[in-house]
Amino acid sequence: MSTIQSVRGTHDLIGEDQRRYSHVVTTARHHAGLYGFEEWATPIFEDTRVFSRSLGDTSDVVSKEMYSFSDRDGDSLTLRPEGTAAICRALVTNGLTQSLPQKAFYAGPMFRYERPQKGRYRQFHQIGAELMGAAEPLADAEAIALGYQILTALGVADDVTLELNTLGDTASRDAWRAALVSYFSGYKDKLSEDSLARLEKNPLRILDSKDAGDRALVANAPMMAEYLTPDAKAFWQDLQATLDGFGIAYQVNTSIVRGLDYYNHTTFEFVTRKLGSQGTVMAGGRYDGLVQQMGGPEVPSIGWAAGVERLSMLLQAAPVAAQSVVIVPVGSPDQAALFQILQGLRQQGVCTEIGYRGSLRKRMERAGKQNASHVLFVGEDELARGAFRVKVMATGQEEEISHARLLSDAKAVFATGSVSP
């Protein structure tokens, strides 16, 4: 029979890949907890409207990239392409809009039908944090500070730059939107087909266009800074002052925009030059109107998401695989006594494996391949004497340990390269 391959655009997490992935998620989870974020887990698939409302019908994600299907009842469901909309839906569904603020951390797989390339998959993984129910600039600064602390803990902060922009408040965006429509309307004959379709419905999406002709027009388009209201300008200045107080460096990048109306004020990205075209490793912003799109009240919110695969690629080195103590039976020891030692070590928190079959030489070879720190020899003689030979794999040195100490102090015994008291 032919071998079944993994689906294009997916990948298995095994060995070093899994250790990198786990390290990123575990580190992020720990530091999110230090900021008071609690982990939420939402379903991998949702009602399609969760994403069509949040991402917009004209977005590439909704129109070209979502994995949508009808279930047996005829309901349209979609594998989640991102995490924020599902978190906001969960806030409303679970009646939490009356218990604000809420701080949610999440981690898990997302799905988009994109062209697979380095750092980009059709099933990919994200970590994210959403702070819902806080309208102050301090909340934005806290969300950014959490992201920066996670990047620092992963050892990649020096490889990224925080880029920051403001989208202003509703009045600012309305004025800017009108100016953009007026500007781009003068170049309808030069706009790409996609941008022409977005001109009236969502002109801010034109600013995200990758088309070379569109990019040339965008370079001279009206800037948001020209249309900020006094309140929006004060929010922007307060955010920058707070980040300065936190000691977080940033660069203002006016090209960072979000095309949907529920986005406002802060938008930001942590970017790197080490991953080629896939340079954004973490991105977020304020979205005061998104919860309302899910049928709830207006809830001021700020959040971000980061690609685990991209962060994993930035790690300087993969976390070292856990080492184990391997028990090698010698001869035919009493099975009950052997299993008592095996389970006794595990119950003390020592990673312990046992050689299943083969000669002593073969079992020793396998112990080396299993990344064993120590080999514990258990035979009839050892059980009779109440003392066991232990080989330290790093040095080849053999020592003895008493049965009593083995079953009472094993974690301390095997924590070092020696078993001596």
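When we follow the numbering used here, the leftmost residue of the sequence shown carries the number 27, and every step to the right adds one.
Ideal placement from N, C-alpha and C gives every residue a C-beta, glycine not left out.
Computed from a predicted structure; not experimentally measured.
Q | Of the listed residues 229, 61, 261, nearest to residue 127 (C-alpha basis) | A | Closest option to residue 127, judged by alpha-carbon separation, among 229, 61, 261: 61.
Q: To the nearest angstrom, report how far apart residue 33 and residue 95 are at their CA atoms.
A: The alpha-carbon atoms of residue 33 and residue 95 are separated by roughly 18 Å.
Q) Just to check, is the beta-carbon of residue 43 closer than 6 Å to a non-hydrogen atom of the ligand MG? A) This structure simply doesn't include the ligand MG, nor any ligand for that matter.
Q. So who's on the other strand from residue 384, going by DSSP bridges?
A. Residue 384 pairs with nothing; no bridge assigned.
Q) With a Cβ-Cβ cutoff of 7 Å, do residue 177 and residue 183 count as a contact? A) Cβ atoms of residue 177 and residue 183: closer than 7 Å.
Q: Give me the Cα-Cα distance between residue 297 and residue 430, rounded to the nearest whole angstrom.
A: Cα-Cα distance, rounded: 55 Å.
Q: Tell me, please, whether the stretch 310 to 325 touches the stretch 135 to 146 by the rule of three or more beta-carbon pairs shorter than 8 Å.
A: Judged by Cβ distances under 8 Å, the stretch 310 to 325 makes no contact with the stretch 135 to 146, as fewer than three pairs qualify.
Q.
Cutting at 6 Å between CB atoms, please list the residues of its own chain near residue 130, excluding the five before and the five after it.
A. Scanning its chain for C-beta atoms nearer than 6 Å, with the 5 sequence neighbours on each side dropped, one finds around residue 130 the residues 66, 113, 156, in chain order.
Q. What residues in its chain sit with their C-beta under 7 Å from that of residue 359, if we drop five residues either side in the sequence?
A. In its chain, beyond the 5 residues on either side, 404, 405, 406, 409 have a beta carbon closer than 7 Å to the beta carbon of residue 359.
Q | Cross-strand partners of residue 151 (DSSP beta bridge) | A | Answer by DSSP bridge pairing, in chain order: 135.
Q: Evaluate the contact criterion for the stretch 261 to 273 versus the stretch 211 to 226: three or more CB pairs, one atom per stretch, below 8 Å.
A: Not touching, per the Cβ criterion.
Q: Output the distance between the C-alpha atoms of residue 57 and residue 310, rounded to the nearest integer angstrom.
A: As the crow flies, the alpha-carbon of residue 57 is around 17 Å from that of residue 310.
Q) According to DSSP, is residue 107 helix, strand or coil? A) Here residue 107 sits in coil by DSSP.
**Q.** Which residues DSSP lists as bridging residue 10, in chain order
**A.** Only positions 27 to 447 of the chain appear in this structure, which leaves residue 10 out of reach.
Q | Beta-carbon separation (whole angstroms), residue 152 vs residue 334, contact threshold 8 Å | A | Between the beta-carbon of residue 152 and that of residue 334 there is about 6 Å, and that keeps the pair under the 8 Å contact cut.
(Q) Judging by CA-CA distance, which residue of 207, 294, 280, 281 is the nearest neighbour of residue 274? (A) The residue with the shortest Cα to Cα distance from residue 274 is 294.
Q) Around the C-beta of residue 280, are 16 or more other C-beta atoms found within 10 angstroms, so that it is buried, or is it exposed? A) Residue environment: residue 280 is assigned as exposed (fewer than 16 neighbouring CB atoms within 10 Å of its CB, all protein chains considered).
Q: Note down, in chain order, each residue of its chain lying with its Cβ closer than 7 Å to the Cβ of residue 347, except the 5 sequence neighbours on either side.
A: Cβ within range, chain order: 45, 397.
Q) Taking just the CA atoms, how far does residue 376 sit from residue 193? A) About 53 Å.
Q: Could I get the ranges of all uninterrupted alpha helix (DSSP H) runs contained in the stretch 158 to 231, with 4 residues as the minimum, in chain order?
A: With a minimum length of 4 residues, the unbroken runs of alpha helix (DSSP H) contained wholly in the stretch 158 to 231 fall at 163 to 179, 196 to 211, 219 to 227.
Q. CB-CB under 6 Å to residue 253, same chain, minus the five flanking residues each way: which ones, in chain order?
A. The answer, listed in chain order, is 198, 201, 202.
Q: Give every residue of the same chain whose Cβ lies closer than 8 Å to the Cβ of residue 90, excluding the five residues on either side of it in the sequence, and list them in chain order.
A: Answer for residue 90: 139, listed in chain order.
Q) Hey, how far is the Cα of residue 344 from the Cα of residue 180? A) So the alpha carbons of these two residues sit roughly 11 Å apart.
Q: Name the one or two DSSP bridge partners that residue 329 has.
A: Answer is 156, 311.
Q: Assign residue 283 to one of three DSSP states: helix, strand, or coil.
A: In this structure, residue 283 counts as coil in the three-state DSSP scheme.
Q: Would you kindly report the start and end of the unbroken beta strand (DSSP E) that includes residue 73?
A: Segment 71 to 73, the beta strand (DSSP E) holding residue 73.
Q | C-beta atoms of residue 330 and residue 109 nearer than 7 Å | A | Note that the C-beta distance between residue 330 and residue 109 is not below 7 Å.
Q: Please name the residue or residues paired with residue 293 in a DSSP beta bridge.
A: Within the DSSP secondary-structure output, residue 293 pairs in a beta bridge with 191, 311.
Q: Return the first residue and the last residue of the beta strand (DSSP E) that residue 261 is part of.
A: Per DSSP, residue 261 belongs to no beta strand (DSSP E); it is in the alpha helix (DSSP H), 256 to 272.
Q) What separation, rounded to the nearest whole angstrom, lies between the Cα atoms of residue 418 and residue 434? A) Residue 418 and residue 434 have their alpha carbons spaced roughly 20 Å apart.
Q: In the DSSP assignment, find the beta strand (DSSP E) that holds residue 356 and state where it starts and stops.
A: Where residue 356 is concerned, the enclosing beta strand (DSSP E) stretches over 350 to 356.
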